[in-house]
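Accompanying notes for the structure given below.
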Amino acid sequence: MLRTTFAIATATVLSTTAFAQDDGISWKATEVGTGLYMLEGEGGFPGGNLGLMSGSDGNVLIDNGLATTTATTVATIERMTEGPVNFVVNTHAHGDHTGSNHAFTAAGATVVAHNNLRQALIEDETFDRSGLPELTFDESVTFHLNGHTSYIFFIPMAHTSGDAAIHFTEANVIHAGDVFFNKVFPFIDIDGGGSVAGFIAGQQKLLSMANADTKIIPGHGPLASLNDLQTAVDMLIDARSRINTLVDAGRSIDAILAENPLSVYNSWNWDFITTETMTRTIHRELTAE
Numbered sequence: 093m094l095r096t097t098f099a100i101a102t103a104t105v106l107s108t109t110a111f112a113q114d115d116g117i118s119w120k121a122t123e124v125g126t127g128l129y130m131l132e133g134e135g136g137f138p139g140g141n142l143g144l145m146s147g148s149d150g151n152v153l154i155d156n157g158l159a160t161t162t163a164t165t166v167a168t169i170e171r172m173t174e175g176p177v178n179f180v181v182n183t184h185a186h187g188d189h190t191g192s193n194h195a196f197t198a199a200g201a202t203v204v205a206h207n208n209l210r211q212a213l214i215e216d217e218t219f220d221r222s223g224l225p226e227l228t229f230d231e232s233v234t235f236h237l238n239g240h241t242s243y244i245f246f247i248p249m250a251h252t253s254g255d256a257a258i259h260f261t262e263a264n265v266i267h268a269g270d271v272f273f274n275k276v277f278p279f280i281d282i283d284g285g286g287s288v289a290g291f292i293a294g295q296q297k298l299l300s301m302a303n304a305d306t307k308i309i310p311g312h313g314p315l316a317s318l319n320d321l322q323t324a325v326d327m328l329i330d331a332r333s334r335i336n337t338l339v340d341a342g343r344s345i346d347a348i349l350a351e352n353p354l355s356v357y358n359s360w361n362w363d364f365i366t367t368e369t370m371t372r373t374i375h376r377e378l379t380a381e
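Numbering (this note's numbering), first residue to last: 93 to 381.
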């Protein structure tokens with residue numbers, strides 16, 4: 093739970109709190125259930141969205157941001173919890189989600205992840221080995237802590253080769269990791285074992301677990317709903333269809349890029365993934381190039 097120092101004088105519980113640091117980068121915490129929080133970066137990019145479950149049974153942190161903002165992340169979590177983080181769940185291997193593993197393992201946390209994620213980190217020569225996952229799973233693992241059933245499950249060949257999402261079943265909250273980028277184009281790491289087909293299948297699985305009241309924490313972007321996730325799935329299915337039509341017509345990648353079949357989705361562009369990048373990713377999978 094949040095420490096009492098973060099309660100306002102009227103004792104009304106804050107649903108959204110910003111934890112600022114001297115460098116201007118902070119994590120904004122939004123309560124999404126009893127003892128459940130989404131943390132998203134402000135004033136810069138400390139990493140992908142975090143999840144936190146806090147209570148008398150212990151603390152579970154989902155992802156932990158970049159190595160360059162470890163101090164900010166650790167300070168934020170310390171202020172929000174009573175006692176140390178007991179478990180860190182990694183949703184995938186990218187550094188904006190695993191960069192602070194080492195700091196939490198040094199304080200006694202056990203890192204939990206899919207087998208493929210651990211292997212990806214072993215193969216990453218830049219990764220601090222002290223932060224490697226110590227508890228891995230093939231398909232799923234479930235925590236029963238703080239009155240929550242936390243179902244952690246594998247999503248194959250989606251964003252990467254080792255994605256996991258977390259369903260807090262009683263709270264009706266899902267942390268989707270990077271299998272969901274809300275309101276922007278997703279990054280699908282084909283070189284890291286991801287695939288467009290697997291990404292769509294993973295999102296459809298998440299949809300099957302959600303309803304109109306579900307709160308969904310995306311890997312990137314604001315807190316989401318079932319409708320937001322459905323919109324993202326529909327966009328990617330349509331984008332693939334548009335590009336596939338041109339591939340079937342014998343168009344080269346240069347011709348497809350010139351036509352810009354995804355221009356209808358220009359509002360989904362962001363710094364890292366644009367209509368061109370998304371087109372190249374989908375084309376690469378469709379043509380196995």
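All residues carry an ideal CB built from backbone N, CA and C; glycine is no exception.
Quantities reported herein were computed from a predicted structural model and do not represent experimental measurements.
Using the rule of at least 16 other Cβ atoms within 10 Å of the residue's Cβ for burial, across every protein chain shown, is Arg-332 buried or exposed? In this structure Arg-332 is buried. Its beta-carbon is surrounded by 16 or more other beta-carbon atoms within 10 angstroms.
Expressed to the nearest angstrom, what Euclidean distance is found between the alpha-carbon atoms of Ser-118 and Thr-241? 29 Å
Tell me the DSSP bridge mates of Ser-385? Because residue 385 is not part of the residues shown, which for the chain are 93 to 381, the question remains open.
Which residues mark the beginning and the end of the beta strand (DSSP E) in which Ile-345 is found? In the DSSP assignment, Ile-345 falls outside any beta strand (DSSP E) and lies within the alpha helix (DSSP H) extending over 345–351.
Let's see if you can read the secondary structure: which residues bound the beta strand (DSSP E) around Glu-132? 128–134
Secondary structure, alpha helix (DSSP H): runs of 4+ residues fully inside the segment 109–194: Listed in chain order, the complete alpha helix (DSSP H) runs (minimum 4 residues) inside the segment 109–194 are 162–172 and 187–190.
For Arg-376, the three-state DSSP class (helix, strand or coil): helix
Helix, strand or coil for Phe-196? Go by DSSP, reduced to three states. helix
Simplified DSSP state of Gly-311, which is helix, strand or coil: strand
Span of the beta strand (DSSP E) holding Asp-255? 255–260
Can you pull the DSSP bridge partners for Gly-269? Partner(s): Pro-310.
Would you report the Cα separation of Val-265 and Pro-278, rounded to the nearest angstrom? 21 Å
Rounded C-alpha distance that separates Gly-285 from Phe-291: 11 Å
Identity of the residues DSSP links to Thr-202 by a beta bridge: Looking at the DSSP assignment, Thr-202 forms a beta bridge with Phe-179.
Note down the Cα distance separating Thr-261 from Tyr-243, rounded to an integer number of angstroms. C-alpha separation (whole angstroms): 7 Å.
Candidates Ser-359, Ile-335 and Gly-125: closest to Leu-349 by CA position: Ile-335
Please look up how many angstroms separate the CB atoms of Asn-141 and Gly-191, rounded, as I've assumed it's under 8 Å. Going by Cβ atoms, the distance from Asn-141 to Gly-191 rounds to 14 Å, so no, they are not a contact pair.
Under the rule that 16 or more other beta-carbon atoms within 10 Å means buried, what is Asp-255, buried or exposed? buried
Continuous alpha helix (DSSP H) stretch holding Ile-214: start and end: 207–215
Among the candidates Leu-158, Leu-144, His-189 and Glu-368, whose CA atom is the shortest distance from the CA of Glu-170? Leu-144
Length of the line joining the Cα atoms of Leu-354 and Asp-149: 48 Å
Quick check on Ala-289: does DSSP put it in helix, strand or coil? helix
Assuming Asn-178 and Val-203 make a contact with CB atoms under 8 Å, what is their CB distance in whole Å? Incorrect: roughly 11 Å between the Cβ atoms, too far for contact.
If we cut at 8 Å on Cβ distances, does Ile-214 have a partner in chain B? Among the chains of the structure shown, chain B does not appear; only one protein chain is present.
For Ile-329, report the span of its alpha helix (DSSP H) as first-last. For Ile-329, the enclosing alpha helix (DSSP H) starts and ends at 318–340.
Cβ neighbours of Glu-231 in the same chain (closer than 8 Å, five flanking residues each side left out): The beta carbon of Glu-231 is closer than 8 Å to those of Phe-245 and Phe-246 in its chain, skipping five residues each way along the sequence.
Please name the residue, chosen from Ile-258, Ala-268 and Ile-280, that lies closest to Ala-316 on a Cα-to-Cα basis. Ala-268
Taking Cβ positions, are Gln-296 and Val-325 nearer each other than 8 Å? Less than 8 Å divides the Cβ of Gln-296 from the Cβ of Val-325.
Whole-angstrom C-beta distance between His-184 and Gln-251, which should lie under 8 Å: With the sequence shown as reference, residue 251 is identified as His, and Gln is not the correct amino acid for it. The pair is a contact, with the Cβ atoms about 6 Å apart (cut-off 8 Å).
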